[in-house]
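A quick write-up on the structure given underneath.
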Amino acid sequence: MTVVAPARTEHVFKLLVTGPFAAGKTSLIQAVSQTPVVDTDVDTSGTESDVKARTTVAMDFGTYRVDDDDAVQLLMFGTPGQRRFWFMTDIMKGDVDAVIYVIDADAGDTHHEAGEAMRALLRDLRVPLVVAVNRCDDLDQAKVVARQLGALASEAVVPCQLIHPDSGREVAVEALVAVLERLERGETEFVDPVERVLATAGAA
1285 MTVVAPARTE
1295 HVFKLLVTGP
1305 FAAGKTSLIQ
1315 AVSQTPVVDT
1325 DVDTSGTESD
1335 VKARTTVAMD
1345 FGTYRVDDDD
1355 AVQLLMFGTP
1365 GQRRFWFMTD
1375 IMKGDVDAVI
1385 YVIDADAGDT
1395 HHEAGEAMRA
1405 LLRDLRVPLV
1415 VAVNRCDDLD
1425 QAKVVARQLG
1435 ALASEAVVPC
1445 QLIHPDSGRE
1455 VAVEALVAVL
1465 ERLERGETEF
1475 VDPVERVLAT
1485 AGAA
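As structure tokens, this is what we get:
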């Protein structure tokens, strides 16, 4: 008699990796992806070329299988940071399970606009948020930055150095945990946008 092992159920989750120009989105996906990263990097034009030589103009894509036994796979879609390519975020945000919002702790001049963009995005998506505060090793500092953007105290904040794979994996796993916790609670709604705006005002 031949015994056929039951097929494993594969759980696939889509993560949107977004944030301002040069924050570390591509670095995160390159550090974590277990498959060759699909990128659309070109030479940066204009004044931003002084900050970063190459930039994403359409998307980055990578995958990360968390555990072979559990068959959990994360699909990471990275958005462009330059404003003229922001329309790509609208194209990629469909069926997203969580948002990883990457912010550079040292680039304070980007934080105000980044916070507005993050809150606008989450008004549409209503999905779990993980704020990855790049170039930061201090959790308390990272939480201050995240609150200024509009993240709530209940939302995950990860200080990280996204050029390092271990740091990037910590961010990805934190996003998975947020997705699974939401599924366990059976939530269909997430955060009231007004609550996010009020939290931002309180952190100012």
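Residues in the sequence shown are numbered from 1285 upward in steps of one, following our numbering. We treat Cβ as the ideally placed atom computed from N, Cα and C, and that holds for glycine. Computed from a predicted model, the values in this text were never measured in an experiment.
Sequence-distant residues of the same chain with beta carbon closer than 6 Å to residue i, five excluded per side
| i | result |
| --- | --- |
| threonine 1394 | Pro1304 |
| leucine 1299 | Leu1358, Met1360, Ala1382, Ile1384 and Ala1459 |
| leucine 1423 | Pro1443 |
| arginine 1367 | none |
| aspartate 1390 | Arg1419 |
Assigned secondary structure, residue i (DSSP; H/G/I helix, E/B strand, else coil)
| i | result |
| --- | --- |
| valine 1247 | Only positions 1285 to 1488 of the chain appear in this structure, which leaves residue 1247 out of reach. |
| alanine 1382 | strand |
| proline 1364 | coil |
| proline 1443 | strand |
| glycine 1346 | strand |
| threonine 1497 | Because the chain in this structure spans residues 1285 to 1488, residue 1497 falls outside the shown range and cannot be described. |
| serine 1311 | helix |
Candidates the options: closest to residue i by CA position
| i | options | result |
| --- | --- | --- |
| methionine 1376 | Gly1470, Lys1427, Thr1302 and Gln1432 | Thr1302 |
| arginine 1349 | Gly1378, Gln1432, Ala1456 and Val1411 | Ala1456 |
| alanine 1440 | Glu1465, Asp1388 and Met1343 | Glu1465 |
| leucine 1409 | Gly1378, Gly1399, Gln1425 and Ala1430 | Gly1378 |
Exposed unless 16 or more other CB atoms sit within 10 angstroms - verdict on residue i
| i | result |
| --- | --- |
| arginine 1404 | First, the residue type needs correcting, since residue 1404 is alanine and not arginine in the sequence shown. When all chains shown are included, alanine 1404 counts as exposed. |
| serine 1438 | exposed |
| valine 1380 | buried |
| aspartate 1388 | buried |
| aspartate 1351 | exposed |
| proline 1412 | buried |
Sheet register partners of residue i (DSSP bridge)
| i | result |
| --- | --- |
| aspartate 1374 | None; aspartate 1374 has no bridge partner. |
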